[in-house]
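Colleague: Letter 369 of the first sequence, counting from 1, is numbered 376 in this note's numbering, and no numbers are missing. Every residue gets a Cβ at the ideal spot worked out from N, C-alpha and C, and that includes glycine. This is the structure I want to talk about, given as structure tokens.
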Amino acid sequence: MGNCIQQLSESVTLIASDDTWIEGNAIQQLHTTSKLAGMRRVAGMPDLHPGRGYPVGAAFFSTGRLYPALIGGDIGCGMALWTTDLDARKSPAEKLEKRLGNIDAPLDDAWQTLVSELAPANVGFQQALGTIGGGNHFAELQRIDHIYDPQAVAALQLDMKQLVLLVHSGSRGLGGSILEQHIHRHGHAGLVQDSADCVDYLAQHDGALQYAEANRQLIARRMLDRLGANGQQVLDVHHNLVTPAAIQGENGWLHRKGATPSDTGLVVIPGSRGDYSYLAAPIPSEASLFSLAHGAGRKWMRSECKDRLVKRYSPAQLSRTKLGSHVVCQDKHLIYEEAPEAYKPVDSIIASMEQAGLLTVLAKLRPVLTYKTRGGCC
DNA sequence: ATGTAC
Numbered sequence: 008m009g010n011c012i013q014q015l016s017e018s019v020t021l022i023a024s025d026d027t028w029i030e031g032n033a034i035q036q037l038h039t040t041s042k043l044a045g046m047r048r049v050a051g052m053p054d055l056h057p058g059r060g061y062p063v064g065a066a067f068f069s070t071g072r073l074y075p076a077l078i079g080g081d082i083g084c085g086m087a088l089w090t091t092d093l094d095a096r097k098s099p100a101e102k103l104e105k106r107l108g109n110i111d112a113p114l115d116d117a118w119q120t121l122v123s124e125l126a127p128a129n130v131g132f133q134q135a136l137g138t139i140g141g142g143n144h145f146a147e148l149q150r151i152d153h154i155y156d157p158q159a160v161a162a163l164q165l166d167m168k169q170l171v172l173l174v175h176s177g178s179r180g181l182g183g184s185i186l187e188q189h190i191h192r193h194g195h196a197g198l199v200q201d202s203a204d205c206v207d208y209l210a211q212h213d214g215a216l217q218y219a220e221a222n223r224q225l226i227a228r229r230m231l232d233r234l235g236a237n238g239q240q241v242l243d244v245h246h247n248l249v250t251p252a253a254i255q256g257e258n259g260w261l262h263r264k265g266a267t268p269s270d271t272g273l274v275v276i277p278g279s280r281g282d283y284s285y286l287a288a289p290i291p292s293e294a295s296l297f298s299l300a301h302g303a304g305r306k307w308m309r310s311e312c313k314d315r316l317v318k319r320y321s322p323a324q325l326s327r328t329k330l331g332s333h334v335v336c337q338d339k340h341l342i343y344e345e346a347p348e349a350y351k352p353v354d355s356i357i358a359s360m361e362q363a364g365l366l367t368v369l370a371k372l373r374p375v376l377t378y379k380t381r382g383g384c385c
């Protein structure tokens with residue numbers, strides 16, 4: 008497997024084993040980003056893949072200046088894991104799918120007290136709270152497939168007999184509007200630390216983090232409500248955000264874009280919808296800029312997925328996976344874009360980080376039912 | 001990624 012912490016240049020580190028597929032374009036973007044003014048260190052995670060100008064699956068540490076474009080539009084996007092009291096043996100995907108129904112519409116009036124409590128004052132964006140959105144977002148009921156650390160897992164009130172719920176979503180239109188306003192004013196030059204516009208951006212950013220966390224909580228509660236189940240939040244971790252940090256004795260700004268923090272407790276790193284997810288205990292390390300992968304990482308561009316797969320699979324075939332799980336995705340483009348084939352095998356991603364000494368795996372989670380969208384488009 | 005832009 009070789010060395011999993013690769014030093015690509017003085018300031019660029021890549022966390023990946025030799026056999027982890029990383030697209031050349033993503034490495035190029037990593038190097039380009041490392042040359043921004045004030046940029047001190049960048050670290051690519053094993054799920055690194057190309058983004059719009061900047062790579063996804065990476066952490067960036069700068070001093071004196073911060074770069075909203077490096078966090079992207081989905082500020083606060085992240086993963087939440089919940090326990091449920093649903094019996095893993097008596098909850099087949101068909102039954103869950105039927106009971107869940109359609110959760111694409113805005114939350115109704117009965118939810119509005121909780122909505123205003125969790126996410127007050129997001130003018131124009133309140134109606135998206137409690138909805139998953141598109142792209143790689145999902146909510147997934149899972150079985151605990153294997154426990155590697157029984158003590159740690161029991162301490163979280165997780166039980167193999169009960170399903171868990173993993174929610175991946177973000178700040179919907181709110182974060183995008185914050186980035187859009189910022190780019191309109193400042194382009195890609197970034198913000199000088201302590202300037203009025205920087206203070207203003209950080210306040211908006213923090214609002215988007217709160218909104219995104221509230222959104223994940225509302226999605227989970229809404230699903231539990233539909234399923235007639237109870238549950239508790241186990242963890243909620245953002246992977247698109249900027250935080251103040253000290254790296255190599257310097258104070259600055261740690262940007263994460265599709266990079267899970269490794270210095271804030273337990274995390275879940277999901278594979279594709281036809282693959283396992285892993286509950287893990289991070290081992291904080293400056294070498295990875297205190298970050299981990301946020302998923303398996305795309306192997307194929309969204310635009311090429313349908314052409315590559317349409318002859319092999321129908322949408323109906325893609326709604327069932329090799330692990331026996333069901334996928335609710337009535338958007339014919341999205342179901343191809345999110346096909347398991349479009350992603351790297353998650354085991355190679357987890358192994359890279361384990362080998363690099365960045366995490367310990369606690370449990371392996373197996374998908375039962377993934378909800379993407381019932382509405383569809385086109 | 002998007003209460004999308006075309």
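When DSSP builds the beta bridges, which residues end up paired with Arg-327?
Modeller: His-333
Colleague: Hey, is the region 110-129 in contact with the region 322-333, meaning 3+ C-beta pairs nearer than 8 Å?
Modeller: No: the two stretches stay apart, fewer than three of their Cβ pairs being nearer than 8 Å.
Colleague: For Met-57, which residues in the same chain have their Cβ closer than 7 Å to its Cβ, ignoring the five residues on either side in sequence?
Modeller: Here residue 57 is Pro; the residue named in the question, Met, does not match the sequence. Shown here for Pro-57: same chain residues with a beta carbon closer than 7 Å to its own, the five before and five after excluded, namely Glu-30, Asn-32, Ala-33, Gln-36 in chain order.
Colleague: If you check the beta carbons only, do Ala-236 and Asp-111 fall under 8 Å apart?
Modeller: no
Colleague: Can you list the alpha helix (DSSP H) stretches of 4 or more residues lying completely in the region 91-168, in chain order?
Modeller: 100-107, 119-125, 157-162
Colleague: Report the option in Arg-373, Ser-295, Leu-369 whose CA atom is closest to the CA atom of Leu-15.
Modeller: Ser-295
Colleague: For Ser-176, count the other beta carbons within 10 Å of its own beta carbon; 16 or more makes it buried, fewer makes it exposed. Which is it?
Modeller: buried
Colleague: On the three-state DSSP scale, how would you describe Val-353?
Modeller: helix
Colleague: Hey, His-262 and Ala-135 are a contact pair by Cβ (cut 8 Å); roughly how many whole angstroms apart?
Modeller: Contact flag wrong, Cβ pair sits at about 24 Å.
Colleague: Give me the Cα-Cα distance between Gly-390 and Val-334, rounded to the nearest whole angstrom.
Modeller: There is simply no residue 390 to check, as the chain begins at 8 and stops at 385 in what is shown.
Colleague: Can you name the residues that DSSP bridges to Arg-48?
Modeller: According to DSSP, Arg-48 bridges with Phe-68.
Colleague: What three-state label does DSSP hand Val-206 in the structure shown?
Modeller: helix
Colleague: Looking only at its chain, what residues have a beta carbon closer than 6 Å to the beta carbon of Gly-85, apart from the 5 residues adjacent to it on each side?
Modeller: Val-244, His-245, His-246
Colleague: Determine whether the beta carbon atoms of Gly-278 and Ser-284 lie at a separation below 8 Å.
Modeller: yes
Colleague: Give me the DSSP bridge partner(s) of Pro-289.
Modeller: Leu-366
Colleague: When burial is assigned at 16 or more other CB atoms within 10 Å of the CB, is Gln-255 buried or exposed?
Modeller: exposed
Colleague: Taking its Cβ as the centre, do 16 or more other Cβ atoms sit within 10 Å of Gln-119, making it buried, or is it exposed?
Modeller: A residue is called buried when at least 16 other Cβ atoms come within 10 angstroms of its Cβ; Gln-119 does not meet this threshold and is exposed.
Colleague: Grouping DSSP H, G and I as helix and E and B as strand, with all else coil, what is Thr-267?
Modeller: Taken through DSSP and simplified to helix, strand or coil, Thr-267 comes out as strand.
Colleague: So which of Leu-341, Pro-157, Met-308, Ala-227 has the shortest CA-CA distance to Glu-323?
Modeller: The amino acid occupying residue 323 in the given sequence is Ala; Glu does not appear at that position. The shortest Cα separation from Ala-323 among Leu-341, Pro-157, Met-308, Ala-227 belongs to Leu-341.
Colleague: Per DSSP, which one or two residues make a beta bridge with Ala-33?
Modeller: In the DSSP output, where bridge partners are listed per residue, Ala-33 has none listed.
Colleague: So, do the region 40-50 and the region 224-232 have three or more beta carbon pairs nearer to each other than 8 Å?
Modeller: no
Colleague: For Asp-26, report the span of its beta strand (DSSP E) as first-last.
Modeller: That residue, Asp-26, is in no beta strand (DSSP E); it is neither H nor E in DSSP.
Colleague: Taking only three categories from DSSP, how would you classify Gly-180?
Modeller: helix
Colleague: Between Gly-214, Ala-288, Gly-265, Lys-264, which lies nearest to Thr-271 when the distance is taken from Cα to Cα?
Modeller: Of Gly-214, Ala-288, Gly-265, Lys-264, the residue nearest in Cα terms is Ala-288.
Colleague: Less than 8 Å separating the beta-carbons of Ala-215 and Leu-173?
Modeller: no
Colleague: To the nearest whole angstrom, what separates the beta carbons of Gln-337 and Gly-382, a pair I think is in contact under 8 Å?
Modeller: 7 Å
Colleague: Please return the same chain residues whose Cβ sits closer than 7 Å to the Cβ of Glu-104, not counting the five positions on each side in sequence.
Modeller: His-333, Val-335, Leu-376
Colleague: In three-state terms, what does DSSP make of Leu-225?
Modeller: helix
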